[in-house]
Amino acid sequence: YIVNNGHTVQINLDSSSASSSVYGGGFRSKYVLEQLHFHWSSEHTIDDRRYALEMHLVHRQSRYASVEQASSHKAGIAVLAVLFHVDEHPNEAIQLILNSTSPIKAKVDERQPLRAPLHLNDLLPKDRTVYFRYEGSLTTPVCAESVVWTVFPESLPISLGQVQDFMTIHDADNRELLANYRPVQPLNTRVLVLVSDTEVEASGARRIASGMFAAVLLSLAISLF
Numbered sequence: 001y002i003v004n005n006g007h008t009v010q011i012n013l014d015s016s017s018a019s020s021s022v023y024g025g026g027f028r029s030k031y032v033l034e035q036l037h038f039h040w041s042s043e044h045t046i047d048d049r050r051y052a053l054e055m056h057l058v059h060r061q062s063r064y065a066s067v068e069q070a071s072s073h074k075a076g077i078a079v080l081a082v083l084f085h086v087d088e089h090p091n092e093a094i095q096l097i098l099n100s101t102s103p104i105k106a107k108v109d110e111r112q113p114l115r116a117p118l119h120l121n122d123l124l125p126k127d128r129t130v131y132f133r134y135e136g137s138l139t140t141p142v143c144a145e146s147v148v149w150t151v152f153p154e155s156l157p158i159s160l161g162q163v164q165d166f167m168t169i170h171d172a173d174n175r176e177l178l179a180n181y182r183p184v185q186p187l188n189t190r191v192l193v194l195v196s197d198t199e200v201e202a203s204g205a206r207r208i209a210s211g212m213f214a215a216v217l218l219s220l221a222i223s224l225f
């Protein structure tokens with residue numbers, strides 16, 4: 001189902017009817033997809049460029065029963081971040097989501113089923129062998145330091161009109177959410193790794209090769225209703 005939680009548009013998976021997981025690509029455990037949500041503008045920047053939209057696919061380590069439980073453990077959560085750039089043509093997969101938001105735009109915590117099946121592969125970049133990887137926190141309270149982040153530099157297209165549709169979502173005070181992104185945080189002592197095929201480059205470090213980071217392997221051949 002899709003919900004306006006007062007902070008974003010979120011799609012929750014019904015664990016009894018759908019199964020999706022992420023594994024490989026340097027992950028030491030299997031992670032199960034719990035929900036996906038959006039930020040406008042993006043919460044990550046690449047070469048100081050901020051993108052129009054960012055989607056987060058939030059996974060919990062399979063040994064834990066919920067995201068809340070997983071957030072109490074190091075690397076308990078894995079988030080895949082997908083960036084979207086403005087294009088003259090609308091994104092069909094994004095439009096399927098926006099078509100379901102009309103009843104919930106001004107109704108916080110109102111849940112609605114998606115009006116049409118959503119195939120997650122349509123919301124992911126084709127090249128998933130190149131990505132940034134670092135250990136960080138959730139970007140919303142309680143900002144637990146329990147997340148393995150994977151950020152894909154290959155962005156997907158979205159029209160300006162679609163971005164503006166996200167901005168019409170209302171918060172708990174019945175105001176339009178014109179922006180819902182967290183400012184970029186200092187890297188501090190975190191190690192940022194760029195993975196490209198079998199090459200791994202740490203920020204400020206030499207380039208090395210490692211078969212361990214060959215690809216992010218996604219098991220996402222499902223439909224959401």
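Okay, so the sequence shown: first residue is 1 according to the UniProt record's numbering, each after it adds one.
Just so it is clear, CB atoms sit at the ideal spot from N, CA and C, and this is done for glycine as well.
Quantities reported herein were computed from a predicted structural model and do not represent experimental measurements.
C-alpha distance - Asp47 paired with Phe166, whole-angstrom precision = Distance between the alpha carbons of Asp47 and Phe166 is about 25 Å.
Secondary structure at Ser223, three-state DSSP: helix, strand or coil?
-> Note that Ser223 scores 34 on pLDDT, short of 50, meaning its location in the model is unreliable and no value can be drawn from it.
In three-state terms, what does DSSP make of Pro153?
-> Here Pro153 sits in strand by DSSP.
Determine the DSSP secondary structure at Leu194, reduced to helix, strand or coil.
-> Strand at Leu194.
Along the chain, which unbroken stretches of the beta strand (DSSP E) at least 3 residues long are found entirely within the stretch 61-113?
-> For the stretch 61-113, whole beta strand (DSSP E) runs of length 3 or above, ordered along the chain, are 77-87.
Sequence-distant residues of its chain with Cβ nearer than 8 Å to Ser159 (five each side left out) = Leaving aside the five residues that flank Ser159 on each side, the residues in its chain whose CB is nearer than 8 Å to its CB run, in chain order, Val86, Asp87, Glu88, His89, Pro90 and Asn91.
List the endpoints of the continuous beta strand (DSSP E) containing Gly161.
-> Per DSSP, Gly161 belongs to no beta strand (DSSP E); it is in the alpha helix (DSSP H), Leu160 to Phe166.
Supposed contact pair Val22 and His59 - C-beta distance, whole angstroms, cut 8 Å | Indeed, because the Cβ distance is near 6 Å, the residues count as touching under 8 Å.
What span of residues does the beta strand (DSSP E) with Ser181 cover, start to end?
-> Looking at the sequence shown, residue 181 is not Ser but Tyr. Tyr181 -> no beta strand (DSSP E), and no H or E assigned at all.
How would you call Leu217, buried or exposed, if buried means at least 16 neighbouring beta carbons within 10 angstroms?
-> With a pLDDT of only 48 at Leu217, under 50, the local geometry of the prediction cannot be trusted, and the value read off the model is given with reservation. Burial call: exposed.
If you check the beta carbons only, do Val163 and Ala52 fall under 8 Å apart?
-> Cβ atoms of Val163 and Ala52: closer than 8 Å.
Shortest alpha-carbon distance to Arg190 belongs to which of Glu154, Asn5 and Ser146?
-> Ranked by Cα distance from Arg190, the options Glu154, Asn5 and Ser146 are led by Ser146.
With 16 other CB atoms within 10 Å as the buried threshold, where does Arg133 fall?
-> With 16 or more other Cβ atoms within 10 Å, it is buried.
For Gly76, count neighbouring Cβ atoms within 10 angstroms of its own Cβ and tell me buried if that reaches 16, exposed if not.
-> Gly76 counts as buried, since no fewer than 16 other beta carbons sit within 10 angstroms of its beta carbon.
Helix, strand or coil: which one does DSSP assign to Leu33?
-> Secondary structure at Leu33: strand, using DSSP grouped into helix, strand and coil.
Quick one: using the 10 Å Cβ neighbour count with 16 as the cut-off for buried, is Gly25 buried or exposed?
-> So Gly25 counts as buried.
Beta bridge counterpart(s) of His39 as assigned by DSSP = In the DSSP output, where bridge partners are listed per residue, His39 has Glu54.
Could you tell me whether the Cβ atoms of Lys30 and Ser62 are closer together than 8 Å?
-> Taking 8 Å as the cut-off, the beta carbon of Lys30 is found closer than this to the beta carbon of Ser62.
Quick one, which of Arg175, Lys126, Ser196 and Asp173 has its alpha-carbon nearest Ser155's?
-> The candidate whose alpha carbon is nearest that of Ser155 is Lys126.
As assigned by DSSP and simplified to three states, the class of Leu118 = If DSSP states are grouped into helix, strand and coil, Leu118 belongs with the strands.
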